[in-house]
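Q: Read the sequence shown against this note's numbering and you will find it ends at 335, with the numbers running on by one and no gaps. Using N, Cα and C, we set each Cβ at its ideal position, and we do this for glycine too. Given the structure is predicted, the values throughout are model-derived calculations rather than measurements. Here's a structure for you.
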Amino acid sequence: MTMLRREFGLSALGLVTGAAAGSRLAIAQTSYPTRTVTIVAPFAAGGSSDLVARLIAQPLSTQLGQQFVVDNRAGANGAVGCGLVARARPDGYTLLVTPNSTYAINPHLYANLPYNQERDFAPIGLLVQNGFFLCVKGDSRFRTVADLVAAAKAAPDTISFGSGGIGSANHLAPEMFAAANGIKLQHVPYRGSGPAMQAVMTGEIPMSFVDTGVALPFLRSGELRALAISSEQRSTQAPDVPTLAESGTPGLNASSDFAMFAPTGTPEPIIRRLSQAVMEGLRAPELRERLQSLSIDPVGGTPEAFPAYMAAESAKWRDVIRARDIRVE
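Structure follows, in C-alpha cells:
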C-alpha cells in the first residue's frame, strides 16, 4: 500500500509539475507580445497590401502595447514574402498580411511555390475586402468603358493593362473583363499594384484595375480617371463612377480580399489573442471611418471560419484560370 501511495504521489506530483509548466507557458503566451512584431506585406510599397498592412498595424500596436512594423518583401506575385513567413519561427513575431492572389490563386498557377498554403500557415482571420476601379490616365482619350471596348475591338491586342503580377486578382479581373466583352488585351505584370498604377499615370500603359483604397487619392487629384468599379455597388467615395454592370459588363464582381496569417505551429493562445485584437480593431470607429474613406470594407472573420471561405475563393479563381488558359511563362 505504501508503494502504491508513493507511486500515486509521484504521478500526482508529475501532473502538478506539468500543469504548472503548462500554466507558465500559457502565461507567457498570453502576455504576448513582449517585443516588436513584423508584418510581412508580400508586394511593393505603395500598393494595396502595403496599405492594408499599415492600416491594421496601427490598432494592433495600440491594443497589444508593442510596435507592429510592416516589411515589404515583393516578388513572384507575393511568393517571396509568403515563403519568408512560412519559414519563420512560429512564435507570433513574424506575420503575413496578404491578398487572395497568394492564398487562392498562386496554388493554381505555380508548380514550385516556396510555401504550401494549407500546410505552412495558420489563419488569424479575414481582414478587409475592396473592389477595383478600372483606371486610365487622367487625360486619357477613354472616357467610358464603351470607349475602351470599342478601341480594343477596332485594334485587337494593341491595348495593354498592368497588374500586380501574373495571377494577381487585378490580373485575373481584366481577363474576365476582356472575355465578357469579346476583346483581347495585352497583360503587363509589375511587382505590385502600386507600380502598375504608377505606369498608368505616366502613360506607360493605358489601363489597370486598381484597388479602390490605392486609387482614390489619385482620382481626387485628377492623375487617374475611373471608368468603372468592379464591385456590385458604386463607391460612396466616388459615386459618379458606374459599376461594370452599369457599363455593360454584368456578372463581373471581383475584389482583393486580405487576410492575416502566422506560421503553422504558432501557439493557439497567440493566434487567439491576435484574432481578437484584429476584430476589435476592425470594430473601432476610427479605423472603420478610415477604411470607409478608402472604399475598403472591414469584413473580419475568425480563424475557424477561414478554411471554408478560402476553399470557395480558391475554386472561383481556379475556374477563371482554366477558362482563360492562364499560364506562368
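Can you tell me whether K159 is buried or exposed, with buried defined as 16 or more other CB within 10 angstroms of its CB?
A: Your numbering for residue 159 matches position 153 in the sequence shown. Exposed, since its Cβ has fewer than 16 Cβ neighbours within 10 Å.
Q: Just the C-alpha distance for Y99 and S54, rounded to the nearest angstrom, thanks.
A: By one-based count along the sequence shown, residue 99 stands at place 93. By one-based count along the sequence shown, residue 54 stands at place 48. If you take the alpha carbons of Y99 and S54, they lie about 22 angstroms apart.
Q: Below 7 angstroms CB to CB, which residues in the same chain sit around Q35 once its five sequence neighbours on both sides are set aside?
A: Taking the first residue of the sequence shown as position 1, residue 35 is located at position 29. At Q35, the pLDDT of 49 sits below 50, so the modelled position is not reliable; the number obtained from the coordinates is stated separately. Counting only Cβ-Cβ distances below 7 angstroms, and skipping sequence neighbours, we find P273, P275 and I276.
Q: From S29 to R289, what distance separates their C-alpha atoms?
A: As a position in the sequence shown, residue 29 is number 23, starting the count at 1. As a position in the sequence shown, residue 289 is number 283, starting the count at 1. Here S29 scores only 38 on pLDDT, less than 50, and its place in the model should not be relied on; the value that follows carries that caveat. Cα to Cα, S29 sits roughly 31 angstroms from R289.
Q: Starting from K322, follow the alpha helix (DSSP H) in both directions and report where the run begins and ends.
A: Stepping through the sequence shown from its first residue, residue 322 is reached at position 316. It spans F312 to R330 - the alpha helix (DSSP H) in which K322 sits, taken as one unbroken run.
Q: For F74 and V247, what's the separation of their Cα atoms in angstroms?
A: Counting from one through the sequence shown, the residue named residue 74 turns up at place 68. Counting from one through the sequence shown, the residue named residue 247 turns up at place 241. Using only the alpha carbons, I get a separation of about 35 angstroms.
Q: Please name the residue, chosen from M266, N118, D163 and I45, that lies closest to A85 on a Cα-to-Cα basis.
A: For the purposes of this step, residue 85 is taken as residue 79 along the sequence shown, with counting starting at 1. Among M266, N118, D163 and I45, the Cα nearest to that of A85 belongs to N118.
Q: Quick one: measure Cβ to Cβ for E319 and N176, integer angstroms, because I've assumed they're closer than 8 angstroms.
A: Position 313 of the sequence shown holds residue 319. Position 170 of the sequence shown holds residue 176. Their Cβ separation, rounded to whole angstroms, is 15 angstroms, which puts E319 and N176 out of contact at 8 angstroms.
Q: In the DSSP assignment, find the beta strand (DSSP E) that holds L57 and state where it starts and stops.
A: Mapped onto the sequence shown, residue 57 falls at position 51. L57 -> not in any beta strand (DSSP E); alpha helix (DSSP H) instead, spanning S54 to L70.
Q: DSSP three-state call for K190: helix, strand or coil?
A: Start at 1 with the first residue of the sequence shown, and residue 190 comes out as number 184. Looking at K190 - three-state DSSP - the assignment turns out to be coil, as it is neither helix nor strand.
Q: Since G307 and L191 should fall inside the 8 angstroms C-beta cutoff, what is the C-beta to C-beta distance between them, to a whole number of angstroms?
A: Here residue 307 is taken as the residue at index 301 of the sequence shown, counted from 1. Here residue 191 is taken as the residue at index 185 of the sequence shown, counted from 1. In fact, because the Cβ distance is near 33 angstroms, the residues do not count as touching under 8 angstroms.
Q: Quick one, are the C-beta atoms of N112 and G173 less than 8 angstroms apart?
A: The residue given as residue 112 occupies position 106 in the sequence shown. The residue given as residue 173 occupies position 167 in the sequence shown. Yes, they are a contact pair.
Q: What are the complete beta strand (DSSP E) segments, minimum 3 residues, inside the stretch 219-307?
A: Listed in chain order, the complete beta strand (DSSP E) runs (minimum 3 residues) inside the stretch 219-307 are 230-235 and 262-269.
Q: Helix or strand or just coil, what does DSSP make of G161?
A: The residue you call residue 161 lines up with position 155 of the sequence shown. The displayed chain sequence assigns Ala, not Gly, to residue 161. A161: coil per DSSP, three-state reduction.
Q: Find out if the Cβ-Cβ distance for the pair V170, S237 is shorter than 8 angstroms.
A: One-based indexing of the sequence shown puts residue 170 at position 164. One-based indexing of the sequence shown puts residue 237 at position 231. The sequence given here places Gly at residue 170; Val does not occur at that position. No, Cβ-Cβ distance for G170 and S237 is not below 8 angstroms.
Q: Pick out whichever of A179, G168 and F183 has its Cα sitting closest to the Cα of V151.
A: Working through the sequence shown from its first residue, we reach residue 151 at position 145. The residue with the shortest Cα to Cα distance from V151 is F183.
Q: Hey, G81 and R197: beta-carbon distance below 8 angstroms or not?
A: To locate residue 81, count along the sequence shown from 1; it is residue 75. To locate residue 197, count along the sequence shown from 1; it is residue 191. Against a cut-off of 8 angstroms, the Cβ pair of R197 and G81 comes out as a contact.
Q: Can you tell me the Cα-Cα spacing of V76 and D153, whole angstroms?
A: Locating residue 76 in the sequence shown gives position 70, where the first residue counts as 1. Locating residue 153 in the sequence shown gives position 147, where the first residue counts as 1. If you draw a straight line from the Cα of V76 to the Cα of D153, it is about 40 angstroms long.
Q: Note down the Cα distance separating E124 from R328, rounded to an integer number of angstroms.
A: On the sequence shown, position 118 is the one that residue 124 refers to. On the sequence shown, position 322 is the one that residue 328 refers to. Those two C-alpha atoms are separated by around 21 angstroms.
Q: Compare the Cα-Cα distances from L70 to each of A244, S37, R149 and V142 and report the closest residue.
A: For this step, residue 70 is matched to residue 64 along the sequence shown. Of the listed residues, the one whose Cα sits closest to L70 is S37.
Q: Near S241, which residues of its chain fall below 7 angstroms by C-beta distance, leaving aside the five closest residues on each side in sequence?
A: Numbered from its first residue, the sequence shown carries residue 241 at position 235. T218, I235, V247 and S301.
Q: Terminal residues of the continuous alpha helix (DSSP H) containing N112?
A: To locate residue 112, count along the sequence shown from 1; it is residue 106. First-last of the alpha helix (DSSP H) with N112: N112 to L115.
Q: In chain order, what residues of the same chain have a beta carbon less than 7 angstroms from the beta carbon of P256, not counting five sequence neighbours either side?
A: Mapped onto the sequence shown, residue 256 falls at position 250. Within the same chain, P256 has no close Cβ partners at all.
Q: What's the call for S281, buried or exposed, on a 16-neighbour Cβ count within 10 Å?
A: Start at 1 with the first residue of the sequence shown, and residue 281 comes out as number 275. S281 comes out buried.
Q: Considering only their Cβ atoms, is the gap separating R41 from Q72 smaller than 8 angstroms?
A: Taking the sequence shown and counting its residues from 1, the one referred to as residue 72 is at position 66. Taking the sequence shown and counting its residues from 1, the one referred to as residue 41 is at position 35. Yes. Within cutoff.
Q: Kindly list the residues whose CB is nearer than 8 angstroms to the CB of G20, restricted to its own chain and excluding five residues on each side of it in sequence; keep chain order.
A: As a first step, residue 20 is located in the sequence shown; it is residue number 14 there, counting from the start. Because G20 sits at a pLDDT of 39, beneath the cut-off of 50, its placement in the model cannot be relied upon, and the point is left open.
Q: Would you please state the rounded distance, in angstroms, between the beta carbons of V206 and V142? I believe it to be under 8 angstroms.
A: The residue given as residue 206 occupies position 200 in the sequence shown. The residue given as residue 142 occupies position 136 in the sequence shown. With 8 angstroms as the limit, V206 and V142 qualify as a contact, their Cβ atoms being about 7 angstroms apart.
Q: So is N83 buried or exposed if we call it buried at 16+ other beta carbons inside 10 Å?
A: The residue labelled residue 83 in the question sits at position 77 within the sequence shown. Flag for N83 reads buried.
Q: In the DSSP output, which residue or residues are listed as bridge partners for L101?
A: Your numbering for residue 101 matches position 95 in the sequence shown. L101 is bridged to I45.
Q: Could you compute how far the alpha carbon of M285 sits from the alpha carbon of T164?
A: Reading the sequence shown from its first residue, position 279 is the one you call residue 285. Reading the sequence shown from its first residue, position 158 is the one you call residue 164. Just so you know, the alpha carbons of M285 and T164 end up roughly 45 angstroms apart.
Q: Is it buried or exposed for D325, if we count other Cβ within 10 angstroms and need 16 for buried?
A: By 1-based counting over the sequence shown, the position of residue 325 is 319. So D325 ends up on the exposed side.
Q: Just the Cα atoms here: how many angstroms apart are V22 and G271?
A: Here the question's residue 22 lines up with position 16 in the sequence shown. Here the question's residue 271 lines up with position 265 in the sequence shown. For V22, the pLDDT reaches just 36, beneath the cut-off of 50, and the residue's location in the model is therefore unreliable, leaving the point undetermined.
Q: Tell whether a beta-carbon distance below 8 angstroms holds between L90 and V43.
A: Within the sequence shown, numbered from 1, the residue matching residue 90 stands at position 84. Within the sequence shown, numbered from 1, the residue matching residue 43 stands at position 37. No. Outside cutoff.
Q: My parser needs the alpha helix (DSSP H) runs of 4 or more residues fully inside the stretch 112-146; what are they?
A: Taken in chain order, the unbroken stretches of alpha helix (DSSP H) that lie wholly in the stretch 112-146 and span 4 residues or more are 112-115 and 123-126.
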